[in-house]
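Enquirer: Following our numbering, the numbering of the sequence shown begins with 1 at its first residue and continues without gaps.
For glycine and all other residues, C-beta sits at the position ideal for the given N, C-alpha and C.
Got a structure here, written out as structure tokens. Questions coming.
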Amino acid sequence: MTDPAPLPLVQSGKVRELYDAGDGRLLMVASDRISAFDVVMAETIPHKGRVLTAMTAYWLEELADLVPNHLVAVDVADFPEGAAALPGGADYLAGRSMLVRRAEMLPIECIVRGYLAGSAYKEYLAQGTVHGMAVPAGLRHAERLPEPMFTPSTKATEGHDENISQAQAADLVGTEVAAKAAEICLAAYQRAAARAEEHGIVICDTKFELGFIDGELSLCDEVLTPDSSRFWPAENCAPGTNPPSYDKQPLRDWLEAQPWDKQPPPPALPDDIVAATSERYVASYELVSGRRLADWYGA
Ligand SMILES: Nc1ncnc2c1ncn2[C@@H]1O[C@H](COP(=O)(O)OP(=O)(O)O)[C@@H](O)[C@H]1O
Ligand SMILES: [Mg+2]
1 MTDPAPLPLV QSGKVRELYD AGDGRLLMVA SDRISAFDVV MAETIPHKGR
51 VLTAMTAYWL EELADLVPNH LVAVDVADFP EGAAALPGGA DYLAGRSMLV
101 RRAEMLPIEC IVRGYLAGSA YKEYLAQGTV HGMAVPAGLR HAERLPEPMF
151 TPSTKATEGH DENISQAQAA DLVGTEVAAK AAEICLAAYQ RAAARAEEHG
201 IVICDTKFEL GFIDGELSLC DEVLTPDSSR FWPAENCAPG TNPPSYDKQP
251 LRDWLEAQPW DKQPPPPALP DDIVAATSER YVASYELVSG RRLADWYGA
């Protein structure tokens with residue numbers, strides 16, 4: 001008997017490898033790679049891939065009654081044969097991989113903001129609006145918005161994503177789909193933000209990716225992870241400050257203190273920064289979900 005052929009690689013992104021799992025399915029494998037300032041570091045962050053996958057699985061469960069999603073399986077035992085033949089084998093895949101249904105992805109990133117930060121704050125300072133929409137005057141950095149806002153952006157294949165208005169989003173995907181996407185994402189954010197706040201974590205903003213599966217708009221990609229969201233400890237996000245994202249704070253602080261022009265190659269990370277970042281990722285999963293990473297696959 002010959003060993004099964006490894007699943008074909010579809011795409012290798014900054015963080016994930018995507019494999020064709022056959023039957024209209026993909027295997028998404030989250031590595032331990034980390035990027036900061038859009039540059040991928042040379043070192044990997046222990047447990048990071050498992051955190052991203054465990055977190056996504058947790059939220060997909062929590063949101064399952066609100067919106068259909070792409071998840072098929074997270075247990076290696078349920079993956080197609082060719083998975084175990086991939087580099088690192090089943091031991092590497094365990095906990096960091098999801099078998100998903102391949103969706104026809106919307107060409108927009110569906111961002112929801114509950115707080116004023118990042119590029120939205122920059123626009124607010126310059127023009128007094130958020131994605132062209134009116135918001136009250138006098139808001140401070142990191143202040144809670146009167147209502148969570150749906151603030152889509154383009155999905156740039158290279159370079160930075162560009163913020164777009166809801167009208168531009170409607171031009172890209174159609175008026176009805178844009179409205180439905182906004183409704184789904186706002187509902188998902190609202191529930192997630194309320195749950196996280198019970199655990200002392202503020203979800204400042206987050207990026208969802210939606211796609212059509214069997215004609216139904218579904219939640220795809222990673223969901224409400226530290227890489228797709230800005231998580232703040234509730235006690236540490238006073239309006240008027242610029243709280244860095246909880247998880248990447250040690251890394252960003254250290255990088256900011258280096259004589260580095262933020263172009264590749266990045267400086268080599270010291271062990272204590274790698275360890276501190278890993279601890280933050282694990283803690284964010286455990287805080288937000290109330291679960292232990294040791295209980296997740298691949299421990
Ligand atoms: N169910 C799905 N079907 C098809 N494509 C998907 C699905 N879920 C996520 N994707 C796509 O898979 C890719 C995930 O890989 P990632 O490493 O995060 O890439 P990126 O650098 O583009 O974020 C993204 O391009 C995302 O849009
Ligand atoms: Mg991604």
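For V76, collect the residues of the same chain with a Cβ closer than 6 Å to its Cβ; drop the 5 residues on either side in sequence, then sort them by chain order.
Expert: Here the set comprises A90, L93, A94.
Enquirer: Once DSSP output is grouped into helix, strand and coil, what is the label at V51?
Expert: The answer is helix: DSSP assigns V51 an H, G or I state.
Enquirer: Got a sec, what are the start and stop residues for the beta strand (DSSP E) G211 sits in?
Expert: Here the beta strand (DSSP E) through G211 covers 201-213.
Enquirer: Tell me the start and end of each unbroken alpha helix (DSSP H) in the region 204-280 that is at least 4 residues and wholly inside, in chain order.
Expert: The region 204-280 contains these whole alpha helix (DSSP H) runs: 249-256.
Enquirer: Identify whether R25 lies in helix, strand or coil by the three-state DSSP scheme.
Expert: Three-state result, R25: strand.
Enquirer: Using a threshold of 9 Å, state whether the C-beta atoms of V311 and Y58 are closer than that.
Expert: In this structure the chain extends from 1 to 299, so residue 311 is not present and cannot be described.
Enquirer: Quick one: which unbroken beta strand (DSSP E) runs of 3-plus residues sit fully inside the region 109-177? Chain order, please.
Expert: Taking only runs of at least 3 residues, the beta strand (DSSP E) segments lying wholly in the region 109-177 are 144-150.
Enquirer: Is the separation between the beta-carbon of L71 and that of M98 shorter than 9 Å?
Expert: Contact flag set, yes.
Enquirer: Tell me Y19's beta-bridge partners as DSSP assigns them.
Expert: According to DSSP, which records beta bridges pairwise, Y19 is partnered with L9, L27.
Enquirer: What I want to know is whether the C-beta of E216 ends up closer than 8 Å to one or more non-hydrogen atoms of ligand 1.
Expert: The answer is no for E216.
Enquirer: As a quick exercise: from N242, G138, C237, Y281, pick the residue whose alpha carbon is nearest that of L251.
Expert: Among N242, G138, C237, Y281, the Cα nearest to that of L251 belongs to Y281.
Enquirer: Just list the residues that DSSP pairs R101 with in beta bridges.
Expert: R101 is bridged to R25.
Enquirer: Going straight from the alpha carbon of E17 to that of Q11, what length do you get?
Expert: If I take the Cα positions, the gap works out to 6 Å.
Enquirer: Take the Cβ of G215 as the centre, count every other Cβ of all protein chains shown within 10 Å, and call the residue buried at 16 or more, exposed below.
Expert: With fewer than 16 other Cβ atoms within 10 Å, it is exposed.
Enquirer: Can you give me the C-alpha to C-alpha distance between L52 and S31, rounded to a whole angstrom?
Expert: Rounded to the nearest angstrom, the two C-alpha atoms are 9 Å apart.
Enquirer: Would the beta-carbon of A14 be found less than 8 Å away from any heavy atom of ligand 2?
Expert: The residue asked about is misnamed: residue 14 is Lys in this sequence, not Ala. Correct: K14 has its Cβ closer than 8 Å to ligand 2.
Enquirer: Would the beta-carbon of D221 be found less than 8 Å away from any heavy atom of ligand 1?
Expert: Checking every heavy atom of ligand 1 against the Cβ of D221, one is found closer than 8 Å.
Enquirer: Mind checking W260: buried by the 16 CB within 10 Å criterion, or exposed?
Expert: Exposed: under 16 other Cβ atoms inside 10 Å.
Enquirer: Pick from P264, C110, S228, L172: whose alpha carbon is nearest that of A182?
Expert: If we check each option's Cα against that of A182, C110 comes out closest.
Enquirer: State yes or no: is the C-beta of L186 within less than 9 Å of the C-beta of A178?
Expert: No; because the gap between Cβ atoms is not below 9 Å, this pair is not in contact.
Enquirer: Would you decide whether Q263 is buried or exposed? Buried here means 16 or more other CB atoms lie within 10 Å of its CB.
Expert: With fewer than 16 other Cβ atoms within 10 Å, it is exposed.
Enquirer: Let's see if you can read the secondary structure: which residues bound the alpha helix (DSSP H) around A90?
Expert: From DSSP, the alpha helix (DSSP H) with A90 extends over 89-93.
Enquirer: Any heavy atom of ligand 1 closer than 8 Å to the beta-carbon of L26?
Expert: At least one heavy atom of ligand 1 is nearer than 8 Å to the Cβ of L26, so yes.
Enquirer: Candidates M41, I201, Y246: which alpha carbon is nearest V15's?
Expert: V15 has its Cα closest to that of M41, out of M41, I201, Y246.
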